[in-house]
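Just below is one structure, and these are the notes that go with it.
Protein chains: 2
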Amino acid sequence: MTAPLFEKVALIGIGLIGSSIAINIRDRGLAREVAVATRREATLRRAEELRLGTSFHLDPAEAVRDADLVILCLPVGSCGAAAAAIAPHLKPGAIVSDVGSVKGAVVDQMRPHLPAHVHFVPGHPIAGTEQSGPDAGFLELFENRWTILTPLPDTDEAATERLRALWLATGAMVEVMTPEHHDLVLAIVSHVPHLIAYNIVGTAADLETVTQSEVIKFSASGFRDFTRIAASDPTMWRDIFLTNRDAVLEMLARFSEDLASLQRAIRWGDGDALFDLFTRTRAIRRSIVQAGQDTEEANFGRLKPRRDPWNEGAPGE
Amino acid sequence: MTAPLFEKVALIGIGLIGSSIAINIRDRGLAREVAVATRREATLRRAEELRLGTSFHLDPAEAVRDADLVILCLPVGSCGAAAAAIAPHLKPGAIVSDVGSVKGAVVDQMRPHLPAHVHFVPGHPIAGTEQSGPDAGFLELFENRWTILTPLPDTDEAATERLRALWLATGAMVEVMTPEHHDLVLAIVSHVPHLIAYNIVGTAADLETVTQSEVIKFSASGFRDFTRIAASDPTMWRDIFLTNRDAVLEMLARFSEDLASLQRAIRWGDGDALFDLFTRTRAIRRSIVQAGQDTEEANFGRLKPRRDPWNEGAPGE
Chain A
1 MTAPLFEKVA
11 LIGIGLIGSS
21 IAINIRDRGL
31 AREVAVATRR
41 EATLRRAEEL
51 RLGTSFHLDP
61 AEAVRDADLV
71 ILCLPVGSCG
81 AAAAAIAPHL
91 KPGAIVSDVG
101 SVKGAVVDQM
111 RPHLPAHVHF
121 VPGHPIAGTE
131 QSGPDAGFLE
141 LFENRWTILT
151 PLPDTDEAAT
161 ERLRALWLAT
171 GAMVEVMTPE
181 HHDLVLAIVS
191 HVPHLIAYNI
201 VGTAADLETV
211 TQSEVIKFSA
221 SGFRDFTRIA
231 ASDPTMWRDI
241 FLTNRDAVLE
251 MLARFSEDLA
261 SLQRAIRWGD
271 GDALFDLFTR
281 TRAIRRSIVQ
291 AGQDTEEANF
301 GRLKPRRDPW
311 NEGAPGE
Chain B
1 MTAPLFEKVA
11 LIGIGLIGSS
21 IAINIRDRGL
31 AREVAVATRR
41 EATLRRAEEL
51 RLGTSFHLDP
61 AEAVRDADLV
71 ILCLPVGSCG
81 AAAAAIAPHL
91 KPGAIVSDVG
101 SVKGAVVDQM
111 RPHLPAHVHF
121 VPGHPIAGTE
131 QSGPDAGFLE
141 LFENRWTILT
151 PLPDTDEAAT
161 ERLRALWLAT
171 GAMVEVMTPE
181 HHDLVLAIVS
191 HVPHLIAYNI
201 VGTAADLETV
211 TQSEVIKFSA
221 SGFRDFTRIA
231 ASDPTMWRDI
241 FLTNRDAVLE
251 MLARFSEDLA
261 SLQRAIRWGD
271 GDALFDLFTR
281 TRAIRRSIVQ
291 AGQDTEEANF
301 GRLKPRRDPW
311 NEGAPGE
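If you're matching them up, the sequences are chains A and B in order. When the letters of the first sequence are read in order and numbered with the UniProt record's numbering, they come out as residues 1 to 317. When the letters of the second sequence are read in order and numbered with the UniProt record's numbering, they come out as residues 1 to 317.
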């Protein structure tokens, strides 16, 4: 273990991302002190039981005192109010960051509150699972995943480099881009995919001709993949769609245009158009596996399913 | 091991499903003889190397001779021609089945060719991976998954029961329904999900504002889940959309209608509508895990990613 990168880090919010950062700092010795703040008392107690920090606070203003680095690990929609609450208590020279999935809106909401004597470096680790809360965090979450930093034109470069060092230490790779470009990229690789996953699950649940129990029983034919994504945290995702509206609507328009063209190919029996697309998409899957961003195991290497307890007379038992 | 269920089974086609059936018959002793037929010589040789049968044929007519059970394990679009080719050589009293993902069209295409002295019981195991070919098969593929049988009104019940016994012996659960209902159910749980996965991957690949390399790098944020499904066999899926056109278009219309309403909620900032849907969909995920149709592990219990060889200076190495 080398010398810690920071004396004191404050984590405001301790869900999946916050707790994974906390575990990294603790297990890799990246800071001497970690102050954890969260609004809900039960969550704070759980964070303490899990030893996710060295001090625990209901009031974020208290947590950020003397911190060299403050990371807001909150749904995007809560970042403005949190910035306002901590602003008067920030140490001069402190780095302030976040982990939100939208960057333009976070900059707009936080920046007006932050004093000139701190360094604001917004960030976004492209990592996660469908689970949430302080128990969901784990050490390897960021390993071999990208973290995007979106410093502003006037951000001190040394501050960006210090934050980059922290992310690199978690096993992440780091890329720097503008908030605007980040929001476009994430709209297509994350936000629209989540939206259509939520949507197909909703559509399936509302049919009259196919029962919900049939949808569940036969879900291994494709549907179940979408339900994992559609089980993501509702508050976090509501905020993402409300705050990255323009980029999401732009990408959604492209998606719908392409879908209409596929629909037409099906209606008119244009098998070649279908075959061409289905061949092209296969190559992209290969590139993702090649780039180490997904496993090559069939079905993601899914663990064997448990037996269905509702089918007691099931075969083979 | 009990007495075999059949004397001789003929498998026409030896891809993922055919080879998984072959392995089940061999390892569980479900038949004395298994004749494997496939059109491509290289595939036939590979099937022989893998010991997937007891005899191997390029001509399906030869394979079905004296078989008590013939299963077409082919893309839906090839079933009609295959039925015509084998029809004159079928043994009286033989059971003829298939594993196609569409049932109405398979019945329409096969039935006219089949002689009155055989029993036609169309079938569809709701199981698979994104991989194809004789090497993709494995013993556990059907375990705890549903197989749907769609006998016709005049099908002999005893034939349906004998086929059910074979599927039960592979570890599958069996449900019987009409071909029409099967096609509606599969349109929503499988065909439309595949279509929108293919579509989003195509949309992302065609953007000018976001590069393909960015799409691949940041795919762990949701996109990669869709690429697995969009890597499924192009021929098989072209045939599915061409042959289950009406049900797919019907379900697709519902999907698009719902998506338009979500789009409107985003445009007008209706956070409550988004939050309500995102909460409802979470419950469906829970039901699927509860029913044993998916793992409860985060990220499907994905295996750890390999390191990206293109990032040699990557952190943590």
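Beta carbons are placed, not taken as given, at the ideal position from N, Cα and C, and that holds for glycine. The model shown is predicted, which means the values in this text are computed figures rather than measured ones.
Notebook entry, point to check: Apart from the five residues on each side of it in sequence, which residues of its chain come closer than 7 Å, Cβ to Cβ, to A/V106?
Noted result: V76, C79, D98, G100, P122
Margin query: Are the CB atoms of A/R238 and residue 336 of chain B within a distance shorter than 9 Å?
Written below: Residue 336 of chain B is absent from the structure shown; chain B starts at 1 and stops at 317.
Notebook entry, point to check: DSSP on A/A283, reduced to helix/strand/coil?
Noted result: helix
Next item on the list: Decide if B/D154 is buried, meaning its Cβ has at least 16 other Cβ atoms within 10 Å, or exposed.
Entry: exposed
Note to self: My parser needs the alpha helix (DSSP H) runs of 4 or more residues fully inside the region 63–130 of chain B; what are they?
What the structure shows: 79–86, 104–110
Notebook entry, point to check: Between which two residues does the alpha helix (DSSP H) carrying A/W237 extend?
Noted result: 234–243
Notebook entry, point to check: In terms of alpha-carbon separation, which member of A/L184, A/E208, A/P193 lies closest to B/T209?
Noted result: A/L184
Checklist line | Completely contained alpha helix (DSSP H) runs for the region 257–301 of chain B, where each covers 4 or more residues | finding: 271–290
Checklist line | A/E214 to B/R145 span [Cα, whole Å] | finding: 13 Å
Check: Hey, quick one: how far does the beta strand (DSSP E) through A/S55 stretch, first residue to last?
Finding: 55–57
Notebook entry, point to check: Would a check of beta-carbon distances place B/R302 closer than 9 Å to chain A?
Noted result: yes
Item checked: Other residues of its chain near A/E175: CB distance less than 8 Å, five sequence neighbours each side excluded -> W146, T147, I148, L149
Margin query: Please confirm whether B/F278 has its beta-carbon closer than 9 Å to some beta-carbon of chain A.
Written below: yes
Check: Exposed or buried, which one is A/D294 when buried takes at least 16 other CB atoms within 10 Å?
Finding: buried
Check: Got a sec, what are the start and stop residues for the beta strand (DSSP E) B/R32 sits in?
Finding: 31–37
Notebook entry, point to check: Going along the chain, which residues of the region 152–168 of chain A sit with their C-beta nearer than 7 Å to a C-beta in chain B?
Noted result: L168
Notebook entry, point to check: Excluding sequence positions up to five away, which residues of its chain have a Cβ less than 6 Å from the Cβ of A/I23?
Noted result: G137, L139
Check: Fully enclosed by the region 169–215 of chain B, which beta strand (DSSP E) runs are 3 residues long or longer?
Finding: 173–176
Margin query: Here's a check: name, in chain order, each residue in its chain whose Cβ is nearer than 6 Å to the Cβ of B/P92, leaving out the five neighbours to either side.
Written below: H117
Note to self: If I measure Cβ to Cβ from B/L195 and keep anything under 8 Å in the same chain, skipping five residues before and after, which residues do I get?
What the structure shows: F241, V248, L252
Check: Can you tell me whether DSSP reads A/F223 as helix, strand or coil?
Finding: helix
Next item on the list: Identify the contact partners of A/R145 in chain B, using a Cβ-Cβ distance below 7 Å as the criterion.
Entry: A220
Next item on the list: Report the residues of the region 11–30 of chain B with a CB closer than 8 Å to any CB of chain A, ordered along the chain.
Entry: none
Next item on the list: Put B/L149 into one of helix, strand or coil per three-state DSSP.
Entry: strand
Note to self: If distances are taken between C-alpha atoms only, which option among A/T235, A/M236, A/V201 comes closest to residue 318 of chain A?
What the structure shows: Absent from the structure is residue 318 of chain A, since the part of chain A shown begins at 1 and ends at 317.
Note to self: What does the alpha-carbon distance come out to for the pair B/R306 and A/L141?
What the structure shows: With a pLDDT of 45 at B/R306, under the threshold of 50, the modelled position of this residue cannot be trusted, and the question is left open.
Checklist line | Closer than 8 Å at the beta carbon, the chain B residues around A/G100 | finding: The premise fails here: A/G100 is roughly 13 Å from chain B at the closest Cβ pair, so nothing lies under 8 Å.
Checklist line | Terminal residues of the alpha helix (DSSP H) in which B/E48 lies | finding: 41–49
Note to self: Taking only three categories from DSSP, how would you classify B/W310?
What the structure shows: In this prediction, B/W310 has a pLDDT of 41, which is less than 50 and means its spatial position is unreliable; nothing more can be read from the coordinates.
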